[in-house]
Structures are given as structure tokens and as C-alpha cells.
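Asks:
Residue numbers (the numbering used here), protein chains in the order written: chain A, 690 to 932; chain B, 690 to 932; chain C, 690 to 932; chain D, 690 to 932.
1. Interface residues of chain C around residue 853 of chain B at Cβ under 7 Å?
2. Does the distance from the C-beta atom of residue 818 of chain C to that of residue 859 of chain C stay below 8 Å?
3. Am I right that residue 724 of chain D and residue 732 of chain D are in contact with their C-beta atoms under 8 Å? What's the rounded C-beta distance?
4. Check the Cβ of residue 861 of chain A against every Cβ in chain C and list those closer than 9 Å, keeping chain order.
5. Just confirm the distance between the C-beta atoms of residue 734 of chain B and residue 718 of chain B, as a whole number of angstroms; I'd bet it's less than 8 Å.
6. What does residue 725 of chain A reach in chain C if we use C-beta pairs closer than 7 Å?
7. Can you list, in chain order, the residues of its chain with a C-beta nearer than 8 Å to that of residue 700 of chain D? Leave out the 5 residues immediately preceding and following it.
8. What does residue 873 of chain D pair with, by DSSP beta-bridge criteria?
9. Tell me the DSSP secondary structure of residue 731 of chain A in three-state form.
10. Can you tell me whether DSSP reads residue 704 of chain C as helix, strand or coil?
11. Please check if any C-beta of chain D sits within less than 8 Å of the C-beta of residue 818 of chain C.
12. Quick check on this structure: which residue in A/892, A/899, A/743 has the alpha carbon closest to the alpha carbon of residue 698 of chain A?
13. For my contact list, residue 848 of chain D and residue 807 of chain D are in at a C-beta cut-off of 8 Å; report their separation, rounded to the angstrom.
14. How many angstroms separate the CA atom of residue 750 of chain D from the CA atom of residue 775 of chain D?
15. Return the Cβ separation of residue 785 of chain B and residue 882 of chain B in integer angstroms, given the expectation that the two are a contact with Cβ distance under 8 Å.
16. Name the two residues that bound the continuous alpha helix (DSSP H) containing residue 748 of chain B.
17. Ordered along the chain, which non-local residues of its own chain (more than five positions away) have a Cβ less than 8 Å from that of residue 690 of chain C?
18. Find the residues of chain A that neighbour residue 929 of chain B, judging by a C-beta separation of less than 8 Å, and give them in chain order.
19. Just the C-alpha distance for residue 706 of chain A and residue 888 of chain A, rounded to the nearest angstrom, thanks.
20. Return helix, strand or coil for residue 868 of chain A, following the three-state DSSP convention.
21. What would DSSP say about residue 789 of chain D, mapped onto helix, strand or coil?
22. Hey, how far is the Cα of residue 757 of chain D from the Cα of residue 713 of chain D?
23. On the criterion of 16 or more Cβ atoms from any shown chain inside 10 Å, does residue 772 of chain B qualify as buried, or is it exposed?
24. Any beta carbon of chain B sitting closer than 8 Å to that of residue 917 of chain C?
25. Beta-carbon of residue 783 of chain C versus every beta-carbon of chain A: anything under 8 Å?
26. Which runs of the alpha helix (DSSP H), 4 residues or longer, sit entirely within the stretch 756–810 of chain D?
27. Is the beta carbon of residue 872 of chain D sitting closer than 8 Å to the one on residue 851 of chain D?
28. On the CB-based measure, 16 or more other CB atoms within 10 Å of its CB, does residue 920 of chain A come out buried or exposed?
29. Check the Cβ of residue 865 of chain B against every Cβ in chain A and list those closer than 7 Å, keeping chain order.
30. Can you tell me which of the three DSSP states residue 820 of chain C falls into?
31. Which residue wins for smallest C-alpha separation from residue 752 of chain C, given the options C/722, C/908, C/799, C/765?
32. Is it the case that the Cβ atoms of residue 910 of chain C and residue 783 of chain C are separated by a distance below 8 Å?
33. Is there a C-beta anywhere in chain C that falls below 8 Å from the one on residue 823 of chain A?
34. Got a sec: is the Cβ-Cβ distance from residue 839 of chain A to anything in chain B below 8 Å?
35. Using a C-beta cutoff of 8 Å, does residue 802 of chain D count as contacting chain C?
What follows is the structure in C-alpha cells.
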């Protein structure tokens, strides 16, 4: 059983009529719905307005993969919560950051850069191209797939060079973007997936759902352990190495 | 003084009227022409029909950066010549592979993969986006520039993950491509630049010329040495380490 | 079932008494023996003196992971055989290169560099340190383990920067070495493991056996496909993309 | 002229007699002294007790490369100061973190991981091996050099895979360590160098001085610019791209 927590700031859907029509129960509910159909997935959700944002040390200890969606309320997530997420990833937990979560605290604190990008809302069509066809995350996706409308994200995207670049997006307005980026940090893995703007039903697109399912199975840790900073003995001391 | 050798198979330009009109003296001459305007560059050219393809151990020893263009005659370059180029790169020489040189022997032998890609000739417009604005190779290039027509290259491009991805191309036909890829191999550096199809005047575009000039200056070695496989002594032996 | 082929040049063991005492049936037999105890492994062996070195397109098509040991007879492996191995890896087959196979044709042709290193036979003790404790290949290995004697390999090791560095070796004579290096090339993965000199019973050490078992399970492909160089249509053409 | 600021927490040298004997004027003064002999270097120092730790936006704007040494007072550097350093690096400033600065705020905030390691003070001898002999930072260093005593640092070192691993340390107590690690983040570069414990005269060793001088020249930016997150127009709009 892979234990998944879907986190959503859940602001747009409750304050803007147009967004509510796309995701009436919230983006987290839409994601949890299609994930809930998998027999090996156990899904719960959490949102900004939950106590402690729904993120505690205990919740993270029971989460194999955390999915994060946020946009206009990144700053309302306390640093302490973001540090808990960061530390859980370094311990082994998987983290999937969706779309505007490029600017979320957990993503920025783990990558260390500004994660800035260029952007435009102009109903561009996006074509997503698979760069690594044999990777477990892109398995089952054809050479490319289309999203009829997405928010345009453009380069430069101020991130560390991804450990593996899996997808590049092509926008009808002329931009390109590193749309699927994989990182390993500490004992954990992080996957950034660019599509998922609140005003389009992107999370109902079969290929997007497949990418998220694949990523969950790839990021779920077999091993989870804090790698501390121990004082050690000489290995010739005939005593435990770590003091 | 940076010593540059521009190698071109020089077949299309002598056998196809349409290509001859674009590059009457050959692609190598067009490249040598704009490079020759730089005071710190010393440029010579070599082509497939020269004796030994114009590539000998001596020529490579006096070449800081080798530029390579080839397309339909890759197989007519003897393996021995390709190995000389490979070994010169491992020693420190810079290598710039242009466009269809993705399938050239020197490039494939140095990268080890098939370097396959998808392709189409359909007069697509290409927009090239800078991914790393602070890199010496992209210095002076704006966020993007356009080529009114280029051959379309598409992913997957079967290369090792580039040490640094500098440019991504966006084609009006829908494709994207990793158009500027930097590698370090042994003591040398390799830059792959995708634009440069024989039927378009790409090498007359100012930004393409700037990228090639920048790449030459970045790839020119300060150090050149064969890293051999020496039998060594214990470092406590009070004798030279390498036997 | 993971199908494994263990290839060994099998020269030392038949020509040197001292080596024959360590590996009377050959290194390949010693490796096949401990691998044969795994229920999910199906193991066969091949050696230099077999017809076609025991390596044909058919054998490779039925091999999920190929293990390669060679030392003094690298040149007796025909290029055609090495190319078959290379192409199978690009298609998805896993390749584990052991010890002196750093200079084998399949390894060099896939990595493109000289793979030179410094070396000494002086019965050094080696301590192998785990750099990535959460990686599937190092799973189950403690922080370090010792080999009472190994051939000393030293830096610089002329390889492309590994996609992931898993182990570093520490020799009592003073050297260090990147002893466990992971690469992805095309659709396949390559693991280089430094220990395994013919004159020491390294392949009987439990941690070495565990690393090889782990690597086999990590490298076994779920997907295997030639990524060709197709001529493609415009994606708007309402016809199959690949021509 | 390359403008260098050497930052030191300057606590050990003022509170421990033994350390004061090694660096009577402080580690920053010892570093500034040998750097001051270079004609193209302009050096200033700053310490924890200076107003604002001696680090303001103005100071960083006039600093090409910042050198950082800290150990027991990392937490006394306010987050705001660490963020200024981080942002200056993303803009293009070079950052050299020495020894125990692996746990400094600027280093951890830029890399995102815990930067934990194992450690022991046991007067081990350290041998430092050059992994990349052609890199500008290791230029002039032989295959290896020795430090008669250094604090032992051991793996796992919880850092992102370095963009380039330049040095590996070998300790007489048995450990190994990734002792020279290069990163690119945003428009800036970061170099981590492991030697430099407060109780040994490491910064008086010629090879250490050479590595630091080389690193300064390699990290000094030719270009410095904030890469922001601009709202952009369609590139067909015949208006400035960035709104």
C-alpha cells in the first residue's frame, strides 16, 4: 500500500466562480478521486485551512508520497510546516509539486533557488514531449500528448539542473518549458510537473493522471531514515563506529 | 590566439544546385568567413576530400577547437580519423558539432549512444530559447531568437543527459529539441548546436554566429594532456609516483 | 524471472596456477554460483572461447542483465560483438562491468572516454564507503565494508561524470577511487563496480555478492525498445506521426 | 580586479588559546593575507560581530566572490543575512564555503539538504586526490597532496550530487570524503572545500592557497543579474516581451 497525502491550498476554488466550476470540490478532491481508484494507493487530503495546514510530523511519517498544489497563498504556509516537509523528503518521503507549486516553500527550500520562471495566461495549447521514453514516470505515455489550454510557463526556469529531465512543454504562443523534472535530495525524490493551472481541467486528462500515478509509484520509498551528523570512532577501534 | 579548424563534408554544396545557392563556397567557408573577422581567432578549413579528410594527428595538435559539419557522408570518414578526433578531445581539444553532425562518428564515439532523433523537412520556423542566461556560451543572446526556417529535429534525442543544457528549440510544427548541449569528456569539452541545415542560410544569422564564437572561446583549452593509465608506486615509496 | 548472462574472458584462471586456485572453475562460475541461489534469477555463462564469444543478438535479446569480466584479452573481443552489447544496452538491457572491465570494449564504447586509471598490485586493504545509502544498489550494505586485499585503482579515472556515484574506495596505500558508478544510456543502465581482481576471492565476499544482486534487480529493464531515427509528419497531419 | 570578501565567524580564535596560536589574527586574516598578494584581487574581511555580520546588500553588490568560514555560531547568523547571500549567489556572485561551513546557513539554504556528514577529531593525515585534472580549480595541483593533520569528515555527506566533483579526500583513519564540490545555482557558482579545521594551519598550505585562488578566479562572475519571474506577452505581440 502506498500512502499518499494530497495537499492543496484550496483558495481559488472557494473564491472564484470560474474556478469553482472546474474543480467544485477543490483540486485536491479531483486528484484524490482518480488516485483512489488504484488498489495499491491509500489517499488522504489536507488543505491550508486545516489545523497546522493538515501537515504534522505524524502525518508525514505515515505519508509515502506527498502531492502539493499551491499558488496565491504560499506565504500562508508557516516555515515550520515547510521545514517538516523538507526534512521528511530528506528522510525518504516522495514529493510531487504541481504547476504553481514551483514557488511553494517546500519546493524552494529543497532546491535552494528562486524557482522563478516567465508566465502568461493566454489559453495557449501545450504539447508535452517525452524526453526519456524508458523512465518509469513516462511509461505508457506516447511520444507526446496535448493539453488544449494551459497557462504558459517559460524559460529561464531558475532551478538546479534536474537530475533527470523527463518532459519538455511546447506552447502555441512560442515558449518551451522543462515541464517534468526529477530530483534526488537526501534519501528522497522530488518530481516537478508543470501542467495543472486552476482554470483548466488538466487533472482530468488521462496522460496527466498517468504521469502522477507513475510518479507516485516511482517516488514511494523502500527505505526511510534520517541521515544524521554523527561523531564517529576510528574504524579500527573495535567499538561501534557511530558514537 | 585560438586555433580553429572548420571541417565540412562538403558534398551537398557541390551536388545540389539549391544548396550551392545558399553556400556557394561550402558551409565551411561560410563559417570560416565570420570567424575570420575575430582578432583572436586563427581559422583553417578541412573537408572530406582532402587527404586524410584533412585531419591528422599534427593538425589536431595545432587545433584548439574543431568544428564539425557532416550529413550524408558520415560513413566515408574512416574510423581511424574519428578516433584521432576523439582522442584529441579527451586530451583537451574543444569540439563543436553542428546540426546533422549529431550522427557524425566523432560525436557518436565520444558520447557512446546512437544520437538518434526524429526529423522532418517542412520549413518550420524555429524559436531558440536560452535556458542558462549566465553561461559564457549564451552570453549576449536575448531570451530567445528566431530562425525563419530550419529542419525540424524532435525528441527523444538519444544522448547522455547533457552536463549542461543551454538551449531548447521550439518548432512551429509542434516539436521541441535540446538544441544546445554541453559535455565534458576527459580533459575536453564538446558543444552540440542543432541549427544549421544545408538548405537554409542559418550560419549567416547573427545569433548563430555569436553562439559559435562564444562556444569557441569557452571550449578552447588552457590545458592539454593525455591522461594515461600508469602503473604507480605506493606514495610512501619516496620515488616518483608514476612508474 | 530476471535473465542474467555472466561473461568472462576466462584466461587467467586457465593459464596461471595462482589464479586457478582462487577461481578453479573461472570467475564466471563463481559469480553464477551465488547468483544461482536466487529464485528470481535465471543464470547462464559465456566466455571468450565460445563461438562468437557466446554473445549473439539472440543471446542478448534473452538477457536482461549482462555481467562482464575481462582483463588481458579485451582486444580479442571483436568490435562487432562489442557493438551488439552496446546496442542492447541502448535498447534497455542492463550491463554490469566488473573491475578490469573498465577497459572492456562494451564499457568504453558506451562511455566514449578512455576509462584509464592508475593502478598497482600491492595487496592493499580496501575499505568501500557507501555514498548513497538509500539507493537500491547499496541497500543492505552498512556504512562501509572491507576487502582484506584488492588491486589498487586510483584517480583520475577518465570517465564521464557518473549519473550517480554510489561507492568510493579507500586503499591502505593512500589512493581513493570512484568504485561504484551508475550510468543511464539510451533506454539502458550501466553499473561499474571496481572490486574483483582475479587473484583475490573478492566474489566470495558477502557484500560484493549483495551489491551485484542488488544491481541486477535495479538494472533489469521493464521496457526494451530501439529508439530509432524516424522521419516524422507534422502532428497536425491526421496521420501516424512516424512515417 | 576581483573583489573578495572573506567572512569568518571569528569565535574559536578569540576564546581558545590553542586555536589563537594557530591563527592569532583569525582565520579571515590568514586567508586575506595570502589572497592580498595577488595583483588582481581586492580583499576585505567581515566577521560575525561586525554590524549586520558585515554583510549588507551593498557589500554583496561589491563582492565578486564571498568566502565563508563558520563552525559553532552558524545560528547566530540571522536568516535575513543568509538570504542576502543566497540571493547574491543566484544573481551571479561566487561563494566558497570552507570546511565546517558545510553547515552554514548560506550553504544549506542554497543546496536545500541537511549537509550532514560524519566527523572525528583524531589528527588523521589526509591525502587529497584530484579527480578532474583539467578543471581550472585544480590547475597546478599535482595528482595528490597531503595535509599532515585534518579533522576527519566522512560519508555519507548529505548534499545534492555535485555538478562537478573535483577532489576526494583519503584519511589515515579509513574514511573518504567528497572534499571539493562544485555547484551552479541560478547565475552563480558555489565551491565547497573540505580542509580548514581551526586547530591546524591548513590555510598556510600552498596547495590549499592555490585551490582557493583558482576557485576565486573561476567563480568570479562576468555577468550578474536577477532572474525574476516576469509576466510576459506573446512573442507575436510586437511589444516588449516582458510586461
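Every residue gets a Cβ at the ideal spot worked out from N, C-alpha and C, and that includes glycine.
Note that this is a predicted model, so its numbers are computed, not measured.
Replies: In terms of the structure at hand:
1. The contacting residues do not exist; residue 853 of chain B stays about 11 Å from chain C at best.
2. yes
3. 5 Å
4. Correct list: empty, because the minimum Cβ distance to chain C is about 11 Å.
5. 7 Å
6. The contacting residues do not exist; residue 725 of chain A stays about 25 Å from chain C at best.
7. 737, 760, 761, 762
8. D/878
9. strand
10. helix
11. yes
12. A/743
13. Wrong, their Cβ atoms sit about 13 Å apart, outside the cutoff.
14. 12 Å
15. 7 Å
16. 746–750
17. 729, 730, 731
18. What residue 929 of chain B touches in chain A: nothing, since even the nearest Cβ is about 31 Å away.
19. 10 Å
20. strand
21. helix
22. 18 Å
23. exposed
24. yes
25. no
26. 768–780, 794–800
27. yes
28. exposed
29. 818, 857, 859, 865
30. coil
31. C/908
32. yes
33. yes
34. no
35. no
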